[in-house]
Amino acid sequence: MTSAASAQTPTQPVSVRRALPPWLHSLRGPLRLVVLYAILFSLSLFFLFPLVWMVGTSLKTIEEVGQPQLSLLPALPQWENYVRLFNDPAFIRSYLNSLFVTPMVLIGTVTSITLVAFAFSRLQWRGRGIVFVLMMGTLMLPYQATLIPQYVLFYNLNWIRTFNPITLPGFFAGGAALIFLLRQFMLGIPRELDEAAMIDGASPLRIWWDVILPLSRPAIATVSVMLAVGNWNSLVTPLIYLQRAELFTLPIYVAQRLNLQESPIPWHDIMAASVAFVTPVLITFMLTQRYFVEGITFTGSKEG
Amino acid sequence: SNGGFVNVALQGLSQRFFLFDWLHRGFIYGVETFNGFFAALSQGDPIGPLKYVFPAALAVLALLGLLGDWSNGKRTRAERAAELLILVVIGAAGGRGLVEEPINPNWTLILGIAFTLGVWINRRAGKKALARVWQAAGLILLGAGLVLSLISAGPDSAATLGYAAACALAAAPLVISLFGAWDARKARLVLALAVALGVILFVRFIPGQLDGGRAGLVPRYLTLQTALDDPTSQDYLKATYPEETMSSLWVYGGAAAVLIAIVALAGRAPRAQRWLVVAALAVFGLFGLGALFDTVRYFQAFQAIAAQTGGPVYHFTQFRNSLGNFPDSSRVALWMTSELWAKPSLILISVWSSGAGMLIFLAALQGVPRVLYESAEVDGANRLQRFWKITFPLITPALFYNVVIGVIAALQTFESIYILQTPQNQDTLMSAAYFLFVRTFRQLEIGQGAAASWILVILIVILTTLQFRYSNWVNYEVQQ
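From first to last, the protein sequence lines are chains A and B.
Under this note's numbering, the first sequence has 169 at position 168, and the numbering climbs by one with no breaks.
Under this note's numbering, the second sequence has 149 at position 116, and the numbering climbs by one with no breaks.
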């Protein structure tokens, strides 16, 4: 049961070169890299544009933001926008709140949903199909329709004005979309592996821990990133349940800075807060990137 | 006035980089073409003969796959295509039957035939559970229609009696299929009842649907006699494309019927079956081609009339215009300020935030064993073959996930609409989720909001069920 990674490593550079179109292949050395990067960069411009715009605006003065002729980058970078931001106690407070809430959600949800997805993809039990349909059903109800019943539920649990409505549901496998995604991944792991483990006397929980979890590590990384980013960015749920300034998370802080009655709208401050808001996500993604490039068993083939 | 700072920035970039300028123009061109087409469809513009082109093309595609020697794969494909076409008819007929006032019994008969055929196909294929679903769905829908018509018309009106009779007739084959063992005799009986319903429908319905020149287009399209005279004359439309034409559902239903006949003939008369495929291919091909030719003439005539009379410029004319004029650099995108641009802008925002889907595809692509590519290369497979035979099948689980979740998320689009709506573009951007939010929380029509959310849920359930039902293209294990 050697994972595919060890088998691929020697052949990887060869395959990458073969993936290039022939006309590019005929170019040599640095020139090829330049052409390749020019193409990739122009394609990524479409997606990078908002990011560059955000960073550029965060370094402008309010006059420069409002002037009619537009520039992507500031004439003179205004670093005091950031100094002002980090001297705001409400910002620091909301940053720390976000840094507490997101890992909590991540730990609880990842533990529970890997178990649930394991049960949906690897175990045979009565009623599995029905329960799966019910779980998919929770995806289908629009959020706006469940808003009030959910609020009533959490109200009766005395959870309003605490972090509980955001952090605790994750521990009970809240997040049907992610379970569905993990199930799709886990269905691809060859069945012989569990069977072999079962013959050796392993319990389902042991198979989950020793066989399925290691093999679906990159899938779990994907799910974790989606979960963490989604939670880090989520505005509506915290806005509804937190209700107390000292519990506010970052998205609420940014949303509060955007007061449309104010004139001029302090776009430079808002964008500076947004940059600070996005940075941890980008850093985390860059640090964990290797998990995505490692390769995973989405579709089972052990002959590699 | 023209979309604000983003346009200014785009124009600035266009002036500096020629490549960006071309991208910018191409983008505006693409969006305006899309606009014209989508606005025409969504705002109920007369689309003329175009409505026949689509089902005819579908039929031709399905029939092309059946050419040559008969096999089990072809049989399942034909059955599935017929089932989908029947679903289209049911959806359209059910939708129309529900809004029509008073409820028209003919639509009930159509539903009865469609559901009976659904049961028959699935029983034939040995899918008992699915046949049960068809039976239950048909009976529930017919019962709901009966209750609705009783409520709306009162018990002793003649219309209700007629409707009740139609319901009983339509439900008869379904009820018969419900009880007892399913054998060849019963299959024949159920099919015969469906045919009988068809005859009743023909006698009752056709005089209203195909007479008065409504079906007069059919022989003309089959012989490709479309463009009669000068398409710029004002009388052209009335002369060649009458206001009252037959519904395109006839073409969908006809294609489904032909496919079912082909499946039924398979074991018994292979010669007749082969001829039927070829003949149907010729008929649907000619019909679709004729309709396509006429569509072009139809839009030309519309444009000419708009030019002559200064009358309403139909959006399909805009569509044609945008096809003809590659935009110059002074044209700008109108974004959220225009009713037409709002939807493409919303789509663009969704494209922009599609990173999660990409991440999943990345994970799936990384999981494709490179050994497979190498052995394929040794076997002499080219790049395209390697993609379609190796990469694509192995990332289908991820594709399936993205499609299912994407459809659900798209139907529940809310936040971007909530943020970007203005009185100008509110109607264009209205989504089901935003509608239920407005009704529930703004206008406090909580009951209506709840009803809207149920309708949305039912729609999503149907779409998701269909996706899971037709998901055997998803590969979870490598076939050795």
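The C-beta atom is built at its ideal place from N, Cα and C for all residues, glycine as well.
Spatial neighbours of residue i in its chain, beta-carbon cut-off 7 Å, leaving aside the 5 residues before and after
| i | result |
| --- | --- |
| Pro14 of chain A | At Pro14 of chain A, the pLDDT of 42 sits below 50, so the modelled position is not reliable and the matter cannot be decided from this model. |
| Ala199 of chain B | Pro138, Thr141, Leu142 |
| Ala89 of chain B | Val284, Phe317, Phe320, Gly321, Ala324 |
| Ala204 of chain B | Gly145, Leu172, Leu175 |
| Arg156 of chain B | Ala164, Trp215, Ala220 |
| Phe433 of chain B | Ser504, Val507 |
| Gln168 of chain B | Val152, Leu207, Ser210, Leu211 |
Distance cut-off 8 Å: residue i Cβ against heavy atoms of the ligand SAH
| i | result |
| --- | --- |
| Leu322 of chain B | For the structure depicted, the ligand SAH is absent and the ligand set is empty, with no information on it obtainable. |
Residue i versus residue j: straight-line alpha-carbon distance, rounded
| i | j | result |
| --- | --- | --- |
| Arg502 of chain B | Leu60 of chain A | 53 Å |
| Thr300 of chain A | Asn82 of chain A | Confidence at Thr300 of chain A is low in this model, with a pLDDT of 44, below 50, so the placement of that residue is unreliable and no value is reported for it. |
| Thr58 of chain A | Pro166 of chain A | 35 Å |
| Val39 of chain B | Leu73 of chain A | 11 Å |
| Ala177 of chain A | Tyr242 of chain A | 21 Å |
| Ile438 of chain B | Phe186 of chain A | 15 Å |
| Thr370 of chain B | Gln459 of chain B | 11 Å |
| Glu112 of chain B | Ile428 of chain B | 27 Å |
| Gly81 of chain B | Leu150 of chain B | 30 Å |
| Trp368 of chain B | Pro377 of chain B | 8 Å |
| Ser275 of chain A | Leu86 of chain A | 11 Å |
| Val102 of chain A | Asp54 of chain B | 45 Å |
| Ile338 of chain B | Leu395 of chain B | 52 Å |
| Gln145 of chain A | Ile253 of chain A | 19 Å |
| Thr193 of chain B | Asn505 of chain B | 44 Å |
| Gln44 of chain B | Glu263 of chain A | 29 Å |
| Phe470 of chain B | Leu52 of chain A | 31 Å |
| Thr289 of chain A | Phe326 of chain B | 57 Å |
| Ile103 of chain B | Pro303 of chain B | Strictly speaking, residue 103 of chain B in this sequence is Trp, with Ile absent from that position. Approximately 8 Å between the Cα atoms of the pair. |
| Leu379 of chain B | Ala397 of chain B | 28 Å |
| Val251 of chain B | Ser280 of chain B | 12 Å |
| Thr285 of chain A | Ala375 of chain B | 35 Å |
| Ala197 of chain A | Ala125 of chain B | 52 Å |
| Gln48 of chain B | Gln500 of chain B | 46 Å |
| Thr461 of chain B | Thr168 of chain A | 37 Å |
| Pro215 of chain A | Val230 of chain A | 23 Å |
| Gly130 of chain A | Ala174 of chain A | 17 Å |
| Glu478 of chain B | Gln244 of chain A | 26 Å |
| Gln341 of chain B | Arg330 of chain B | 16 Å |
| Ala409 of chain B | Val86 of chain B | 40 Å |
| Leu240 of chain A | Ser95 of chain A | 12 Å |
| Ile488 of chain B | His269 of chain A | 43 Å |
8 Å CB neighbourhood of residue i in its chain, flanking five on each side removed
| i | result |
| --- | --- |
| Leu259 of chain A | Ile266, Ile271 |
| Lys93 of chain A | The sequence given here places Ile at residue 93 of chain A; Lys does not occur at that position. Taken in chain order, the residues that qualify are Phe87. |
| Ala217 of chain B | none |
| Tyr509 of chain B | Pro430 |
| Val93 of chain B | Leu314, Phe317, Gly318, Gly321 |
| Asn435 of chain B | Gly390, Ile393, Phe394 |
Contact set for residue i: own chain, Cβ-Cβ below 6 Å, skip 5 residues either direction
| i | result |
| --- | --- |
| Val291 of chain B | Ala313 |
| Val106 of chain A | Thr168, Gly171, Asn232 |
| Leu257 of chain B | Gly323 |
Is the region 59-67 of chain B touching the region 285-303 of chain B, taking contact as three or more C-beta pairs under 8 Å?
When Cβ pairs closer than 8 Å are counted between the two stretches, the region 59-67 of chain B is seen not to touch the region 285-303 of chain B, the count staying below three.
Ranges of the alpha helix (DSSP H) found wholly within the region 376-431 of chain B, counting only runs of at least 4:
388-399, 403-411, 416-419
What residues in the region 40-65 of chain A bring their beta carbon closer than 9 Å to a beta carbon of chain B?
Ser43, Leu46, Phe47, Phe48, Phe50, Pro51, Trp54
Check distances from the C-beta atoms of the region 462-481 of chain B to those of chain A and list, in chain order, the residues that come in under 9 Å.
Ala465, Ala466, Tyr467, Leu469, Phe470, Thr473, Phe474, Ile479
Between the region 377-390 of chain B and the region 445-457 of chain B, do at least 3 Cβ pairs fall closer than 8 Å?
yes
Sequence ranges, alpha helix (DSSP H) only - wholly within the region 18-105 of chain A, length at least 4
23-26, 30-59, 63-67, 81-87, all fully within the region 18-105 of chain A.
Below 7 Å between beta carbons is the criterion; list the residues of the region 495-513 of chain B that meet it against any residue of chain A, in chain order.
Thr497, Asn508, Tyr509, Glu510, Val511
So, does the region 216-225 of chain A touch the region 155-162 of chain A, judging by three or more C-beta pairs under 8 Å?
no
When the Cβ atoms of the region 186-198 of chain A are set against those of the region 106-124 of chain A, are three or more pairs found closer than 8 Å?
yes
Is it true that the region 93-107 of chain B meets the region 291-311 of chain B, where meeting means three or more beta-carbon pairs spaced less than 8 Å apart?
Contact between the region 93-107 of chain B and the region 291-311 of chain B is present: 3 or more CB-CB pairs across the two stretches fall below 8 Å.
Would you check if there are 3 or more beta carbon pairs closer than 8 Å linking the region 190-201 of chain A to the region 108-120 of chain A?
no
By the 9 Å beta-carbon criterion, what residues does the region 222-249 of chain A contribute toward chain B?
Ala222, Thr223, Val226, Met227, Val230, Gly231, Leu236, Val237
So within the region 159-231 of chain A, which uninterrupted alpha helix (DSSP H) runs reach at least 4 residues, ignoring any that extend past its ends?
The region 159-231 of chain A contains these whole alpha helix (DSSP H) runs: 165-168, 177-188, 192-200, 205-208.
Residues of the region 116-145 of chain A whose Cβ lies closer than 8 Å to any Cβ of chain B, in chain order
Correct list: Met137, Gly138, Leu140, Met141, Leu142, Pro143, Tyr144, Gln145.
Ranges of the alpha helix (DSSP H) found wholly within the region 57-125 of chain B, counting only runs of at least 4:
83-97
Give the list of continuous alpha helix (DSSP H) stretches no shorter than 4 residues that lie fully inside the region 270-345 of chain B.
282-298, 303-342
Please give the ranges of any alpha helix (DSSP H) in the region 98-151 of chain A, keeping only runs that are unbroken, at least 4 residues long and fully inside the region.
129-141
Whole alpha helix (DSSP H) runs in the region 445-490 of chain B with 4 or more residues, listed along the chain?
448-453, 459-462, 465-470
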